[in-house]
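Residue numbers are given in the numbering used here: position 277 of the sequence shown equals residue 277, and the series is strictly consecutive.
Positions of the beta carbon are idealized from the N, C-alpha and C atoms, including for glycine.
Down below is the structure, laid out as structure tokens.
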Amino acid sequence: MERFFSPASIAILGASASPGKAGYNIVWNLRAAKVPHGIYPINPNRKDILGFKAHASLGAIPDHGSPVDLAVICLPPKLVRAAFDECIAAGVRAIIIESGQLADTAAGHEQVATEIRHVLKSTPDPPRVMGPNSIGVIDFSTGVNTSLIPFDRLPPLDSRGVAIVGQTGLIASGYLQRILAEGLFPVSKICCLGNKLDVTELDVLAHLARDPATSTIAMYIEDVRDGTRFVDLARSCLLDGGKPVVVVKSGRTEAGMRAVRSHTGSIAGNDRVFDAALRRCGAIRVDDFEGLWIQAQALHRAPLPHGRRVAVVSISGAGCALAVDAAAARGLSIPPLPARVRATLGRMFPPWFEFTNPVDLWAAIEQQGSKAAWAAAVDALLGDEFDALVIVTIAMPESLLDWEHLKGLRVKFPKKPVVLALIGGHAALVSEWERLAAGAGIPVVKSPDAALQAITKTRAVAEWLDRARGKS
């Protein structure tokens, strides 16, 4: 699997000099990749493509003492089999087939996938194959990016990040662009599995379990063909590697299962069995991609809560009321304020003002000033009486947060997750606060409900770990 993410050499079969074509975009994306033995566009009609010397075939590539590590095939379906055979003859060790429609009976291409599968089974020590219908892989450490969607240079990975795996190209296209634009979390690797002719989520999960650059694993799954193996791997990722696994799986309903079959040819399987499997290995299940990004962000940025007692401080009474409903629905407790906290907060409010948990902070902001009120309230509510804190606010000049204070919380309260529900405000301030929150290690969501959902699901991971380690 290492050759998919950190190859010594890459060949692109179907490389093109025409902007906008998949074969052009892949070469474009590989310009900054750290590939010791080179990038080799394969195109018999061109001398060079984007500054890389083009070659007529794999056999024309200079000999570096070993075969090409990774070949990317982005050709029309009728040419895929010949390109695959060329890879086998050249001794290529990893192949990504980005071409689609190889399961398309109407177009007459379904036999190609069958033939490739047969070759893999009958070849001693065969290469690994990702796809077909795969948009490729992206590795933020090596800069390898075989996506057929063009990107400008990707931000380097400074430490650890979230690995994203799925049976959809969306994760290496539109969703990745959003993740980067909003700074939701750093990304370590992306892997688009396609139709899983050979490489499956199990192979990638086993690789990520050993990957030092990955902190959390987010997955979109349409089917799992070996549930026992999946449970063992996800359990090991969490228990041995400290890497939680978050999953969104389609095919919950009969209609959804039909849609899955039409997308990648997968069989979705029994949804209740899948739920039970996730509970056995401590993985989190979410309903959609929005939930996937929320949980991945929460797990990457914040510590796991040690209990279900939540404090909430809000810019308005509406935020307080919504938080109470959301907590009750999700099995969280919003306990009354202890005397110590009441005494501390009481000094900030007018004498006539009644407050409880959740704390409506607006009167204190008017009396003490925004930054001072928020900082004092946050410190008071992160004491031993609570396990997590939710801040509900709007990005506006009248409710400025003290970001230097918030950045210090990870040192001052290292075991207490803080989630920011940023429910609106000035667009420029929202973007700025999202960036500042990332620097402070605080997850950002768009509603009190989303904040409490993040806490509920991360608490479930903590409880699973306690049971697995014999602490409860």
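Rounded to whole angstroms, the separation of the alpha carbons of R160 and A206 is 17 Å. Non-local C-beta neighbours of V35 in its own chain, meaning closer than 8 Å and more than five positions away in sequence, comprise P7, A8, S9, I10, T142, V144, ordered along the chain. DSSP, reduced to helix, strand and coil, places C74 outside both helices and strands of the structure shown, so it counts as coil.
Annotated three-state conformation of G425 is strand, per DSSP. Cβ-Cβ separation between G14 and G23: approximately 4 Å, consistent with a contact (criterion under 8 Å). Around T228, the same chain offers no residue with a beta carbon nearer than 7 Å, after the five sequence neighbours per side are excluded. Taking every protein chain shown into account, the CB of G242 has fewer than 16 other CB atoms within 10 angstroms, so this residue is exposed. Remark: C-beta atoms of T200 and L193 approach each other more closely than 8 Å. Residue state for S399 is assigned as helix, using DSSP reduced to three classes. Exposure of A89 is indicated by the presence of fewer than 16 other C-beta atoms within 10 angstroms of its C-beta. Pairing I394 with V231, the inter-Cα distance amounts to about 41 Å. The shortest C-alpha to C-alpha distance from S333 to any of P350, P351, V313, G307 is the one to G307. Within 10 angstroms of the beta-carbon of D139 lie 16 or more other beta-carbons, which makes it buried. Collapsing the DSSP output to three states places G439 in a helix. Within the segment 258 to 318, the runs of alpha helix (DSSP H) at least 4 residues long that lie entirely inside it are, in chain order, 271 to 281, 289 to 301. Per the Cβ contact rule, the segment 212 to 228 is not in contact with the segment 312 to 332 (fewer than 3 Cβ pairs under 8 Å).
Under the three-state reduction of DSSP, N25 is assigned to helix. Membership of R410 in the alpha helix (DSSP H) is indicated by the continuous run 409 to 412. With contacts defined by Cβ atoms closer than 8 Å, L58 and V72 do not form a contacting pair. Counting along the chain, G161 sits inside the beta strand (DSSP E) bounded by residues 161 to 166.
In this structure A323 does not touch V418 by the C-beta definition: roughly 14 Å separates them, more than the 8 Å allowed. In summary, T356 is exposed, with fewer than 16 beta-carbon neighbours lying within 10 Å of its beta-carbon over all protein chains present. Annotated three-state conformation of V199 is coil, per DSSP. One alpha carbon belongs to C191, the other to P44, and they sit about 29 Å apart. DSSP places V68 in no alpha helix (DSSP H); its state is neither H nor E.
In the three-state reduction of the DSSP assignment, F52 falls in the strand class, which pools E and B. Sorting E98, I171, R285, L184 by C-alpha distance to the C-alpha of L197 places E98 at the top.
In the DSSP annotation of this structure, the continuous segment of the alpha helix (DSSP H) that includes K457 starts and ends at 448 to 468. Closest option to A450, judged by alpha-carbon separation, among G51, A296, I179: A296. L193 is bridged by DSSP to nothing; it lacks a bridge partner. K47 is classed as exposed because its beta carbon has fewer than 16 other beta carbons within 10 Å across all chains shown. Per DSSP, the unbroken beta strand (DSSP E) holding V246 starts and ends at 245 to 249. R128: member of the beta strand (DSSP E) spanning 128 to 130, first to last residue.
Here P62 is exposed, its C-beta having fewer than 16 other C-beta atoms within 10 Å.
Close CB contacts of H300 within its chain, under the 6 Å cut and outside five residues either way in sequence, are with V162, F185, S215, T216 (chain order). Scanning its chain for C-beta atoms nearer than 8 Å, with the 5 sequence neighbours on each side dropped, one finds around D287 the residues V248, in chain order.
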